[in-house]
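Undergrad:
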Amino acid sequence: MSSILTNNSAMNALTTLRGINSNLSTTQDRISSGLKVASAKDNASYFSIAKTMSSESSMNKAVNDGLTLARGSIATASLGAESMVEMTTQLKDLLSTALQDTVDKETIQESVNNLLSNMRNSISQASYNGQNLLAADSTGTTIITGVSSSYDSANKTGSVSTTEITVAATDLGTMLISAADGGTGIGSIDLTTDADGDGTPDMSVADALALASAAVAQSTSAAATLGSAEKTLEQQQEFLTNLTDKIDSGVGSLVDADMESEAARLQALQVQQQLASQALSIANSAPQNILSLFR
Numbered sequence: 001m002s003s004i005l006t007n008n009s010a011m012n013a014l015t016t017l018r019g020i021n022s023n024l025s026t027t028q029d030r031i032s033s034g035l036k037v038a039s040a041k042d043n044a045s046y047f048s049i050a051k052t053m054s055s056e057s058s059m060n061k062a063v064n065d066g067l068t069l070a071r072g073s074i075a076t077a078s079l080g081a082e083s084m085v086e087m088t089t090q091l092k093d094l095l096s097t098a099l100q101d102t103v104d105k106e107t108i109q110e111s112v113n114n115l116l117s118n119m120r121n122s123i124s125q126a127s128y129n130g131q132n133l134l135a136a137d138s139t140g141t142t143i144i145t146g147v148s149s150s151y152d153s154a155n156k157t158g159s160v161s162t163t164e165i166t167v168a169a170t171d172l173g174t175m176l177i178s179a180a181d182g183g184t185g186i187g188s189i190d191l192t193t194d195a196d197g198d199g200t201p202d203m204s205v206a207d208a209l210a211l212a213s214a215a216v217a218q219s220t221s222a223a224a225t226l227g228s229a230e231k232t233l234e235q236q237q238e239f240l241t242n243l244t245d246k247i248d249s250g251v252g253s254l255v256d257a258d259m260e261s262e263a264a265r266l267q268a269l270q271v272q273q274q275l276a277s278q279a280l281s282i283a284n285s286a287p288q289n290i291l292s293l294f295r
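Using our numbering, read the sequence shown as starting at 1 and increasing by one per residue.
This is the structure:
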């Protein structure tokens, strides 16, 4: 039966065209955005997982940036400590020559003072972003190396846990404090002062050499500690970089559009759209045939 009020063929063709246009719009959105899951309505499960993983990735990147800053501070202190090892060794060698009675102690003391001055400069300059781990007043530092979070959907509560390493104070600045200021390290070395006037310096070369030997050991220990901490941070940064890459790759596999497939789908849908439009046009022209019955 033909009807001029109800055109079933046109309605079917229109429904088909609407479906094709909807799919075409979705494909065009995916191509323009590069995402197959751009919002929760596209795939609620994938969207939730992707956002959670992206949050973890962002935290790891932030921690990695913080480690870059901390690593700079540690590396600067490590360089200062290694410089102290060299200079305390030079001090020890210099004092060893003073064991001979024929050596001019005043000349040796002048060289000692110059070395101590260089050491103080090295320590004061081993500062990075306002932090100096070699200074006498240093209390060390605690560095966050990782962050992880969890969420209890049932109780609607979240928690965050961190991993960290602690770099203890080296006290290299303390050993340079002079006796006049209460120091007992190499800053107290004085081979010329004779306070009691008995013709013998208050500090013997052997005592000064013992202080220098202790300073070499302390500087070496500090350099080893800082070097180990720097290596640990380097390894942690490498791990975080790789971890972030893996997480980002996982997120991409969930929400990124397959551009090859979408391009092929776009071509097919465009052809379907043209055919559906032609079919709708044919269906709409069908009632015109009824006019011939009235001629």
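Backbone N, C-alpha and C define an ideal beta-carbon position, used for all residues, glycine too.
Mind checking who S148 pairs with in its DSSP beta bridge?
TA: The residue you call residue 148 lines up with position 148 of the sequence shown. Beta-bridge partners assigned by DSSP to S148: S161.
Undergrad: Within 10 angstroms of its Cβ, does L226 collect 16 or more other Cβ (buried), or is it exposed?
TA: Within the sequence shown, residue 226 is the residue found at index 226, counting from 1. Label assigned to L226: buried.
Undergrad: Within 8 Å, do at least three Cβ pairs link the region 133-153 to the region 204-215?
TA: In short, these stretches do not touch, since the Cβ pair count stays below three.
Undergrad: Return the first residue and the last residue of the alpha helix (DSSP H) that L233 is part of.
TA: Walking along the sequence shown from the start, residue 233 turns up at place 233. Segment 205-255, the alpha helix (DSSP H) holding L233.
Undergrad: Which residues in the same chain have their Cβ closer than 7 Å to the Cβ of G34, if we skip the five residues on either side of it in sequence?
TA: Along the sequence shown, read from residue 1 onward, the residue named residue 34 stands at position 34. Closer than 7 Å at Cβ, skipping near neighbours: D256, A257.
Undergrad: Return the chain-ordered list of same chain residues with a C-beta closer than 6 Å to the C-beta of S78, the five sequence neighbours on each side being excluded.
TA: Taking the sequence shown and counting its residues from 1, the one referred to as residue 78 is at position 78. Closer than 6 Å at Cβ, skipping near neighbours: L226, G227, E230.
Undergrad: Between which two residues does the alpha helix (DSSP H) containing M11 stretch?
TA: Reading the sequence shown from its first residue, position 11 is the one you call residue 11. Taken as a continuous stretch (DSSP letters only), the alpha helix (DSSP H) holding M11 covers 8-33.
Undergrad: Pairs of beta-carbons, one from the region 71-86 and one from the region 122-129, closer than 8 Å: are there three or more?
TA: yes
Undergrad: Just to confirm the assignment, what range does the alpha helix (DSSP H) spanning V37 have?
TA: Within the sequence shown, the letter at position 37 stands for residue 37. Neither: V37 is in no alpha helix (DSSP H) and is coded neither H nor E.
Undergrad: Could you check what DSSP says for T141 in three-state terms: helix, strand or coil?
TA: Here the question's residue 141 lines up with position 141 in the sequence shown. The three-state reading of DSSP puts T141 in strand, counting E and B together.
Undergrad: So, using beta-carbon positions, are L116 and I165 closer together than 8 Å?
TA: As a position in the sequence shown, residue 116 is number 116, starting the count at 1. As a position in the sequence shown, residue 165 is number 165, starting the count at 1. No, Cβ-Cβ distance for L116 and I165 is not below 8 Å.
Undergrad: Do the CB positions of S219 and V85 come within less than 8 Å of each other?
TA: Your numbering for residue 219 matches position 219 in the sequence shown. Your numbering for residue 85 matches position 85 in the sequence shown. Yes, they are a contact pair.
Undergrad: Near L296, what residues of its chain come up, given a Cβ to Cβ distance below 8 Å and the 5 sequence neighbours on each side ignored?
TA: Coverage of the chain is limited to positions 1 through 295, which leaves residue 296 absent and any answer about it impossible.
Undergrad: Which residues in the same chain as P287 place their Cβ atom closer than 7 Å to its Cβ, once the five residues preceding and following it in sequence are excluded?
TA: The count along the sequence shown starts at 1 and reaches residue 287 at position 287. These residues qualify, in order along the chain: I4, N7.
Undergrad: Just checking my contact of L172 with L211 at CB under 8 Å: how many whole Å lie between their CB atoms?
TA: Reading the sequence shown from its first residue, position 172 is the one you call residue 172. Reading the sequence shown from its first residue, position 211 is the one you call residue 211. 14 Å between Cβ atoms; not a contact.
Undergrad: Run through the DSSP bridge pairs and tell me what Y128 is partnered with.
TA: Within the sequence shown, the letter at position 128 stands for residue 128. DSSP links Y128 through a beta bridge to Q131.
Undergrad: The alpha helix (DSSP H) spanning A169 covers which residue range?
TA: Looking up residue 169 in the sequence shown gives position 169. From DSSP, A169 is part of no alpha helix (DSSP H); its letter is neither H nor E.
Undergrad: For T163, which of Q270, A279, L67 has the nearest alpha-carbon?
TA: By 1-based counting over the sequence shown, the position of residue 163 is 163. Per the Cα distances, L67.
Undergrad: For Q109, which of helix, strand or coil comes out of DSSP?
TA: Here the question's residue 109 lines up with position 109 in the sequence shown. The three-state secondary structure of Q109, taken from DSSP, is helix.
Undergrad: Do M59 and V167 have their beta-carbon atoms positioned less than 8 Å apart in this structure?
TA: For the purposes of this step, residue 167 is taken as residue 167 along the sequence shown, with counting starting at 1. For the purposes of this step, residue 59 is taken as residue 59 along the sequence shown, with counting starting at 1. For V167 and M59, no; Cβs fall outside 8 Å.
Undergrad: Under a three-way DSSP split, which group does P201 fall into?
TA: For the purposes of this step, residue 201 is taken as residue 201 along the sequence shown, with counting starting at 1. Correct three-state label for P201: coil.
Undergrad: Specify, as a first and last residue, the run of the alpha helix (DSSP H) that K51 falls within.
TA: Within the sequence shown, residue 51 is the residue found at index 51, counting from 1. It spans 44-97 - the alpha helix (DSSP H) in which K51 sits, taken as one unbroken run.
Undergrad: Buried or exposed: where does A180 fall if 16 or more other Cβ atoms within 10 Å of its Cβ makes it buried?
TA: Against the sequence shown, residue 180 aligns to sequence position 180. Exposed is the call here.
Undergrad: Any idea if Q278 is buried or exposed, counting beta-carbon neighbours within 10 angstroms, 16 or more meaning buried?
TA: What you label residue 278 is simply residue 278 of the sequence shown in a count that begins at 1. Q278 is exposed by the Cβ-count criterion.
Undergrad: Quick one: grab the DSSP three-state call for V271.
TA: Against the sequence shown, residue 271 aligns to sequence position 271. Residue state, collapsed to three classes: helix.
Undergrad: Assuming contact is defined by CB atoms lying nearer than 8 Å, are Q109 and T170 in contact in what I supplied?
TA: Within the sequence shown, the letter at position 109 stands for residue 109. Within the sequence shown, the letter at position 170 stands for residue 170. No; because the gap between Cβ atoms is not below 8 Å, this pair is not in contact.
Undergrad: Which word fits S281, buried or exposed, when buried means at least 16 other C-beta atoms lie within 10 angstroms of its C-beta?
TA: As a first step, residue 281 must be located in the sequence shown, where it is residue number 281. Counting Cβ neighbours within 10 Å, S281 comes out exposed, since fewer than 16 surround it.
Undergrad: So which of D137, N114, N284, A222 has the shortest CA-CA distance to A75?
TA: Here residue 75 is taken as the residue at index 75 of the sequence shown, counted from 1. Answer by Cα proximity: A222.
Undergrad: Under the rule that 16 or more other beta-carbon atoms within 10 Å means buried, what is T15, buried or exposed?
TA: To locate residue 15, count along the sequence shown from 1; it is residue 15. So T15 counts as exposed.
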